[in-house]
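Numbering (this note's numbering), first residue to last: 251 to 509. Just so you know, even glycine gets a beta-carbon here, dropped at the ideal spot from N, CA and C. First up is the structure itself, then whatever we jot down about it.
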Amino acid sequence: NVIGGKKAAAEAALFGKVEVVAESNDKPNPYISKDFVVPTSATYLHITSNNTVEGTQWHQFPETQVPLVADMSSDIFCRPADYKRFGLIYAGAQKNMGAAGVNMVVVRKDLVGKVNRKIPTIMDYQKHIAAGSLMNTPPVFAVYVSMLTLRWILQEGGLEEMERRNKAKSALLYQTIDSIPLFRADVAKEDRSLMNAVFFLNDPSLETAFLEACKQENMIGVKGYRTVGGIRVSMYNALPLSSVEVICELMKDFASKHG
């Protein structure tokens with residue numbers, strides 16, 4: 251991830267040596283680098299499963315000989331996954347799991363407690379487990395919202411149903427982008443995110459007008475991240491297909507007037 255991954259590497263560097271084995275800034279268009287070698291001396295491999303800024307996502311997780319650690323903050327519970335392949339997963343709740351203020355950590359039992367150096371107590375998951383996740387006063391309301399969200403996912407059909415819906419939403423939007431010459435998505439097709447579609451107007455001077463058209467239809471928050479620009483449509487679990495249909499119709503209408 252252009253931001254999350256760099257921040258994770260910077261934090262890890264406070265405790266040990268960090269080696270970046272793959273980046274995707276060597277090409278003009280966003281993609282996920284898959285041709286890399288993990289040093290045999292590595293303790294683990296860290297990835298960010300979904301890049302909200304550029305709109306890329308891991309669809310096939312890498313095979314590793316070391317524990318795989320993943321930041322799944324922006325696509326947790328968007329699809330089924332073989333979670334047994336991971337040594338540790340962590341995720342903020344604010345995208346697909348609930349309200350901001352609570353985090354989820356899943357750590358393999360054989361990795362818990364294997365800390366051979368001094369680290370802050372807050373980062374020692376063995377201590378969190380021993381305290382029943384109550385090492386300090388928890389954000390009760392945020393935890394409660396997460397419980398309701400997880401119940402909703404189960405009631406709606408579980409992760410299989412979330413994946414079906416997310417694929418339908420993203421397929422519709424990407425198909426619309428690809429079919430209208432006014433718009434373009436730069437992300438490699440095989441790496442396009444189910445959660446965040448990032449695209450651009452081929453005539454940048456129309457971007458403000460497009461954002462205003464979205465606002466007039468009560469669609470807000472679609473302006474791209476400040477370092478990337480363009481348009482970003484986030485399609486997290488709670489967003490219905492009907493909302494994607496609305497912006498796709500707006501795109502067609504806008505193109506007919508300005509294309």
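Residues of the same chain with a CB within less than 7 Å of the CB of E273, apart from the 5 flanking positions on each side, are S283 in chain order. Per DSSP, I369 is not a residue of any alpha helix (DSSP H), being assigned neither H nor E.
Positions of the beta strand (DSSP E) runs, each at least 3 residues long and wholly inside the stretch 338 to 362, are given as 353 to 357 in order along the chain. Out of N300, Y281 and S493, the CA that lies nearest to the CA of L444 is found in N300. Per DSSP, H296 lies in no alpha helix (DSSP H); the unbroken beta strand (DSSP E) holding it starts and ends at L295 to T298.
By the neighbour-count criterion, in which a residue is buried when 16 or more other Cβ atoms sit within 10 angstroms of its Cβ, I427 is buried. Of the residues assessed, G382 falls on the exposed side of the cut-off, its CB having fewer than 16 other CB atoms within 10 angstroms. Rounded to the nearest whole angstrom, the CA to CA distance from A438 to V271 is 20 Å. Residues V271 of the same chain have their beta carbon placed closer than 8 Å to that of V287, with the five preceding and five following residues left out of the count. Per the DSSP secondary-structure output, D332 pairs with nothing in a beta bridge. Taken through DSSP and simplified to helix, strand or coil, D321 comes out as strand.
Contact between V356 and L384 fails: their C-beta atoms lie close to 18 Å from each other, not under 8 Å. Across the structure, R482 and P278 are spaced so that their CA atoms are roughly 18 Å apart.
Pairing A292 with V316 gives a Cβ-Cβ distance under 8 Å. One alpha carbon belongs to G254, the other to G471, and they sit about 20 Å apart. Residue pairing by DSSP places A447 opposite V483 in a beta bridge. Assignment of F433 by DSSP, reduced to helix, strand and coil, places it in the strand class. D325 and E495 have their C-alpha atoms spaced approximately 21 Å apart. In the three-state reduction of the DSSP assignment, T426 falls in the helix class, which pools H, G and I.
Take the alpha-carbon of K419 and the one of I497: they are about 11 Å apart.
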